[in-house]
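Some notes on the structure that comes next.
In our numbering, the protein residues as written are 119 to 341.
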């Protein structure tokens, strides 16, 4: 299923992982989920990324988010590389990562989910997986996706931030502005009337005056 779009039901694939065989929807249950791919085991940027993901795993858990990684290497490599990741984090090498890693050695999922980076190839000339992030809601639908090239590591604090925004806006009729952080003011949607906004946001609404005279920049404290 190449070219997943926002709102699409995420595929309920089966896969071998470092935690055993999983079926994606059963793995997620009623939780939010993050599937993130990386180009290759035993590579420097990927090691820092999974190390950072492991350090932040408790923050994702607090938000009810299950994490799962993917690369085109085999399970044996995943298990061996896990020790390096934990050593990078200065943790005991006998421990598991707090999330499973999918072994997609035949590239079947990478192709189906549109994860391959045509500019980054292995020694045999085969494309590697890009640095994808899929955020999946409890309804199993795709809520957000990122696609980074192999040469650019992801910012996992930004992934946490967008999870906070997605979860807030899923339950409240608000939007989050550029660079928003939790507890910052949020924005009132432009299709909401002044009367409805006043009833929904008793903490008050601030409208910024603009040269156009249009009253569309409306802020309210985070509900």
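Don't be surprised by glycine CBs; every beta carbon is placed ideally from N, CA and C.
Alpha carbons only, please: which of the options is nearest the one belonging to residue i?
i	options	result
residue 190	206, 225, 214	225
residue 154	259, 233, 174, 243	233
residue 278	290, 252, 124	252
residue 163	133, 272, 136, 198	272
residue 214	328, 136, 336, 314	136
residue 161	146, 196, 131	196
residue 156	210, 209, 239	239
residue 254	319, 288, 275, 209	288
Pull up the DSSP beta-bridge partners for residue i, would you.
i	result
residue 245	239
residue 334	DSSP lists no partner for residue 334.
residue 250	265
residue 155	188
residue 324	337
residue 134	139
residue 305	293, 337
residue 234	247
residue 220	135, 188
residue 127	259
residue 298	The partner list for residue 298 (beta bridge, DSSP) is empty, contrary to what the question assumes.
residue 280	Partner(s): none; residue 280 has no beta bridge.
Nearest chain D C-beta to residue i closer than 7 Å, yes or no?
i	result
residue 276	Protein chain content of the structure displayed is limited to a single chain, and chain D is not contained in it.
Compute the distance between the beta-carbons of residue i and residue j, then report whether it is under 7 Å.
i	j	result
residue 165	residue 206	yes
residue 262	residue 250	no
residue 158	residue 227	no
residue 140	residue 188	no
residue 308	residue 334	yes
residue 183	residue 150	yes
residue 148	residue 267	no
residue 248	residue 237	no
Return the Cβ separation of residue i and residue j in integer angstroms, given the expectation that the two are a contact with Cβ distance under 8 Å.
i	j	result
residue 299	residue 181	Actually they do not touch by this definition, with Cβ atoms about 14 Å apart.
residue 258	residue 143	6 Å
residue 343	residue 310	Nothing can be reported for residue 343: it is not among the residues displayed for the chain, which extend from 119 to 341.
residue 134	residue 193	6 Å
residue 316	residue 336	Actually they do not touch by this definition, with Cβ atoms about 11 Å apart.
So, at 7 Å on beta carbons, what are the nonlocal neighbours of residue i in its own chain, with the 5 sequence-adjacent residues on each side left out?
i	result
residue 185	152, 171, 175, 178, 217
residue 322	338
residue 301	340
residue 210	204
Excluding the five sequence neighbours on either side, which residues of its own chain have a C-beta within less than 6 Å of the C-beta of residue i, listed in chain order?
i	result
residue 122	260
residue 168	203
residue 124	260
residue 200	215
residue 119	Low confidence applies to residue 119: its pLDDT is 40, below 50, so where it sits in the model is not reliable, and the reading given next is rough at best. So the list reads 129, 230, once near-sequence residues are dropped.
residue 222	188, 190, 228
residue 282	300
So, for residue i: in the same chain, excluding its five sequence neighbours on each side, which residues have a beta-carbon less than 8 Å away from its beta-carbon?
i	result
residue 332	none
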